[in-house]
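J.: The structure is given below, and queries will be raised subsequently.
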Amino acid sequence: MAISRRKIALIGGGNIGGTMAHLCALKKLGDVVLFDVVDGLPQGKALDLLQSAPVEGFDANIVGTTRYEDIVGADVCIVTAGIARKPGMSRDDLLGTNARIMTSVSQGIREYAPNAFVIVITNPLDAMVTLCRRVTGFPKNQVVGQSGILDSSRYRTFIAQELNRSVESVTAMVLGGHGDDMVPVRSTCQVGGVPVDRFIPSERLDEIEQRVRMAGGEIVSLLKTGSAFYAPASAAVRMAEAYLQDKKEVLPCAAYLEGEYGVQGCYFCVPVLLGSDGVEKVIEIDLTAEEKSAFDQSLSHVQELVGAMDRVLAQA
Ligand code: APR
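Just so you know, our numbering puts 611 at position 112 of the sequence shown, and the rest follows in order with no gaps.
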């Protein structure tokens, strides 16, 4: 019996969308549809990527489109549609514009890819993933936000650099909202299984963790015309991979909480189990009193952000 390839729809064909298309092809995850509202952009990127196939040795079909009909049958939709930050902007400054875009994209996904596992990347992430779930009406395990894998990867990168160790020897998680008050969880940070504070003094860890919180902004101020895209693309594709390959991988993601961590009815980044049912379980880990207090502070910021989004949408 023929086994057909899986289908990944990338909604938004800009910097992150194009990079994800490349990664999906190189990792042989399935066929890729790159969707954008700017006619020519997704088609051009798709053709360019296809022409790398003989060199790289992948057989995926890559299609660029401006028509939602082409996402029919998608197993996964990854959403980056929206505008990116410019220097001086916080993620929250994108709220009004991206809320309107997220509403229309979510309607498109609801109509044309009702069975897809949806990964949202568009910022401000915690509000956008909330809106996506609300508009699609999909079950909570089917809609998730990418935030923690990227933030944790930044934490691991900086610790590995500091100690001149392989990034693969460093484990760490960043939880909470995807804003400047995200929570690098020091008690989860280990180097070769040994707690990080055995190697780096507390004051230096404070500095590194502050750099993690501001890492996206550091890149925006260097790029000047947009925001980070290689690492965000890698992070989201890792989530798609865990779903498509039923990996049962524990990854920090923005998931809808209903009582876990004492949080009720809100998207927030926590460790979750990702497999073929999407978010299969929320994993509860112990936090120190200091981490819990930072977690709660970040939560009130996310709740304020969602409230601000509701006011913007009510005025529209
Ligand atoms: N439907 C589909 N695509 C859209 C829509 C829409 N309604 N509106 C805008 N787009 C497209 C733009 O045409 C652009 O090609 O979204 C794409 C966004 O790409 P970039 O501007 O290159 O931004 P990118 O770096 O990919 O980031 C996208 O992810 O990390 C977040 O903060 C970032 O919100 C931003 C998003």
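Every residue, glycine too, gets a C-beta built ideally from N, C-alpha and C.
(1) Cβ-heavy atom distance between S726 and the ligand APR below 7 Å?
(2) Excluding sequence positions up to five away, which residues of its chain have a Cβ less than 7 Å from the Cβ of E748?
(3) Do you know whose CA, among E759, G556, A730 and L704, lies nearest K527's CA?
(4) Where DSSP assigns a beta bridge to M672, which residues make up the other side?
(5) Buried or exposed: which applies to K506, given that a residue is buried once 16 or more other Cβ atoms fall within 10 Å of its Cβ?
(6) Check L509 in the structure and name its three-state DSSP category.
(7) Kindly provide the ranges of any alpha helix (DSSP H) runs that are 4 or more residues long and lie completely inside the segment 676 to 752, ordered along the chain.
(8) With a cut-off of 8 Å, do at least 3 Cβ pairs link the segment 565 to 585 to the segment 708 to 728?
(9) Could you check what DSSP says for E757 in three-state terms: helix, strand or coil?
(10) Give the DSSP-derived three-state secondary structure of G764 in the structure shown.
(11) Rounded to whole angstroms, what's the CA-CA distance from P541 to D535? Just pull it up for me.
(12) So is V778 buried or exposed if we call it buried at 16+ other beta carbons inside 10 Å?
T.: According to the structure data:
(1) yes
(2) A741 and L773
(3) G556
(4) V684
(5) buried
(6) strand
(7) 701 to 712, 714 to 722 and 729 to 743
(8) yes
(9) strand
(10) strand
(11) 6 Å
(12) buried
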